[in-house]
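Just below is one structure, and these are the notes that go with it.
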Amino acid sequence: MNAPAPEGCSHLEAADSRTAAVVPSGHGCVECLKAGGVWVHLRLCMTCGHVGCCDNSPGKHATKHFHSSGHPIMRSFEPGEDWSWCYVDELFIEPAVRPAR
Ligand SMILES: [Zn+2]
Ligand SMILES: [Zn+2]
Ligand SMILES: [Zn+2]
């Protein structure tokens, strides 16, 4: 499906026009792995590949990553889930943003 970018989100286009695939930082939340924490779901930053945990997780590291880095678009890092989220516009994007390969 080639739906046009949802209105109001200018960040999607930037993420969409990437020329390199995002390389995930690891198989789990970066901060939780360091601290020995646990997570519920994982989110992948579409700007730098940071893997962080969702807001249902104690650490909320994906949201913290957005606040510290300003990277607007995350996508689900869960198998079978296909959606993205723009923190700036608070916009749910489905199917997920896919970096060009
Ligand atoms: Zn946006
Ligand atoms: Zn975490
Ligand atoms: Zn990032």
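For the record, in the sequence shown the residue sitting at position 27 is 7 according to our numbering, with numbers rising by one throughout.
Even for Gly, the Cβ is constructed at its ideal location relative to N, Cα and C.
From a predicted model like this one, the values you see are computed outputs, not experimental measurements.
Any non-hydrogen atom of ligand 2 closer than 8 Å to residue i Cβ
i: Gly17; result: yes
i: Ser56; result: no
Distance CB(residue i)-CB(residue j) smaller than 9 Å
i: Trp63; j: His41; result: no
i: Gly29; j: Val3; result: yes
i: His21; j: Ser5; result: no
Backbone CA spacing between residue i and residue j [nearest angstrom]
i: Gly(-12); j: Gly32; result: 25 Å
i: Gly39; j: Cys12; result: 7 Å
i: Pro75; j: Ser56; result: 10 Å
Check: residue i C-beta below 8 Å from any heavy atom of ligand 3
i: Thr27; result: yes
i: His103; result: In the structure displayed, the chain extends from -19 to 81; residue 103 sits before or after that span and is not available.
Heavy atom of ligand 1 within 8 Å of residue i beta-carbon
i: His45; result: no
*For the segment 27 to 80, which segments carrying the alpha helix (DSSP H) assignment without a break, of at least 4 residues, lie completely within its bounds, in sequence order?*
41 to 49
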